[in-house]
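J.: Before I ask anything, let me first share the structure, which is written out below as structure tokens.
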Amino acid sequence: MKTLTRSVVLGMSALTLVSFSQASLAQENSAPPPVLVQVDEAREQAISQLTWVPGTILSQTDANLASEVDGRITWMAEVGDIIRAGEPLVVLDDTRLNITLNQNKSNIAQWQSQVTLFEKRLARYENLKANNNMSQGELDAVEADLENAKQELAQAKLDLSFTEYQLAQSRVKAPFTALVVERLQSPGEYTGVGQTLLRVVNPDNVEVQVRAPLTVLPYIESGMAVSVQSKTHQVEEAIRAIVPVGNANSRMMELRIAIKPGDFPIGSAVRVAIPSSDTHDGVTIPRDALVLRKSGTYIYQLNENNEAQQVKVRTGVGLGERIEVFGEVNPSQYVVVRGAERLREGQKVRFEETNSTLTAKN
């Protein structure tokens, strides 16, 4: 009888253990799977209030080119052509100048022969004068003729140099790498001295012209990196120059920001973020991490077990796609930027790194 009772008790105990194990396994299997989210970093950084001001992309060298000589235009670069420095942009008819050049050479030869003639005559007259066979007046006249011939020869050489210079200027050359923006005259037309022929810009030397309020002057300096943004993309570039002189009406001053060629088209409109307050240290997160609820603003951070932890925050200065937050934010923990609306405190999540963003695993 005792043996039967012991067997029944052992059987019931085994059955209880099996039932408990099955219940535990069923409970584990029924636990919700980790939620798929995207995460990014909470970042400690220097923060200042930013003022967005409009700017215009322009070339540092924007020039209207003219000729130093007059003449008929025989060739001109097309709009859109890029001409390297030293290469011709406009060619003028040089027939008249070549004729003048030949005249100058003829004059030089003529006066050179006169100088030679008077030098020989002067030598002969000096011998005659030494033998008292020549008056001093006749000798002085020959010396004057020789000096006059030398002056005429020098003038003829100057005329030749000037004509050669004009011939060189009949080809208007690019003073820098020049993109032809506009033709003001066309081949076949006659141009005068100083008359504008072309408008050109240097496409390799571009910058942003910005009008900023004078109130930002204490917070900026040359070399400071600022954000330049258009509708298509954004770059970080340095302030090249600050002109601390304001307009009497608008109280605005000018800034110049150097950018890389090709970042933005010349003439396009951009926005520039200019610091407008003192810098302080703080924590920033992506704006997409904020969860807005009736009870306040929250974010979710992940602990070492990849569990979501809800953190109440207050927002501060906006920095483009990021924003300053105040609260018990841990900069060493990731913050959820996608999928936070569905999360609960302590819920498990899964993610992996993709480019600069951490993305949920499938």
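The sequence shown begins at 1387 in the numbering used here and counts up by one.
For each residue, glycine too, the CB sits at the ideal point set by N, CA and C.
All values reported here derive from a predicted model rather than from experimental measurement.
Classify R1708: buried if its beta carbon has 16 or more other beta carbons within 10 angstroms, exposed otherwise.
T.: The residue in question, R1708, is buried, as its Cβ has 16 or more Cβ neighbours within 10 Å.
J.: Whole beta strand (DSSP E) runs in the region 1605-1680 with 3 or more residues, listed along the chain?
T.: Counting only runs of 3 or more, we get 1611-1615, 1620-1629, 1638-1644, 1655-1661, 1666-1672 and 1677-1679.
J.: Give the single residue among K1680, N1689, I1671 and N1517 whose Cα lies nearest to the Cα of T1701.
T.: When each option's Cα is compared against that of T1701, the closest is I1671.
J.: Can you grab the Cα-Cα spacing for the pair L1514 / M1520, in whole Å?
T.: If I take the Cα positions, the gap works out to 5 Å.
J.: On the CB-based measure, 16 or more other CB atoms within 10 Å of its CB, does D1448 come out buried or exposed?
T.: By the neighbour-count rule (16 or more Cβ atoms within 10 Å), D1448 is not buried but exposed.
J.: When you compare the CB positions of T1563 and N1534, do they come within less than 8 Å of one another, or not?
T.: No, Cβ-Cβ distance for T1563 and N1534 is not below 8 Å.
J.: Of the residues E1714, N1490 and A1726, which one's Cα is nearest the Cα of V1669?
T.: Cα-wise, what sits closest to V1669 is E1714.
J.: Please confirm whether Q1552 and L1451 have their CB atoms less than 8 Å apart.
T.: Their beta carbons are not under 8 Å apart, which means Q1552 does not touch L1451 by this criterion.
J.: Can you pull the DSSP bridge partners for F1712?
T.: Partner(s): R1700.
J.: Go through its chain and collect everything with a Cβ distance to G1653's Cβ below 8 Å, but skip five positions before and after it.
T.: Counting only Cβ-Cβ distances below 8 Å, and skipping sequence neighbours, we find T1442, I1443 and L1444.
J.: For E1529, which residues of its own chain have a beta-carbon under 7 Å away from its beta-carbon, when the five flanking residues on both sides are left out?
T.: Excluding positions up to five away in sequence, the list reads L1508.
J.: Since D1448 is in the beta strand (DSSP E), which residue starts that stretch and which ends it?
T.: D1448 to A1452 is the extent of the beta strand (DSSP E) around D1448.
J.: Taking DSSP as the reference, what is the three-state secondary structure of Q1431?
T.: Of the three classes helix, strand and coil, the one that applies to Q1431 here is strand, per DSSP.
J.: For D1590, tell me which candidate among S1434, R1728, Y1511 and A1644 has the shortest Cα-Cα distance.
T.: Checked all of S1434, R1728, Y1511 and A1644; the closest Cα to D1590 is A1644.
J.: Note the first and the last residue of the continuous beta strand (DSSP E) segment covering S1445.
T.: It spans L1436 to S1445 - the beta strand (DSSP E) in which S1445 sits, taken as one unbroken run.
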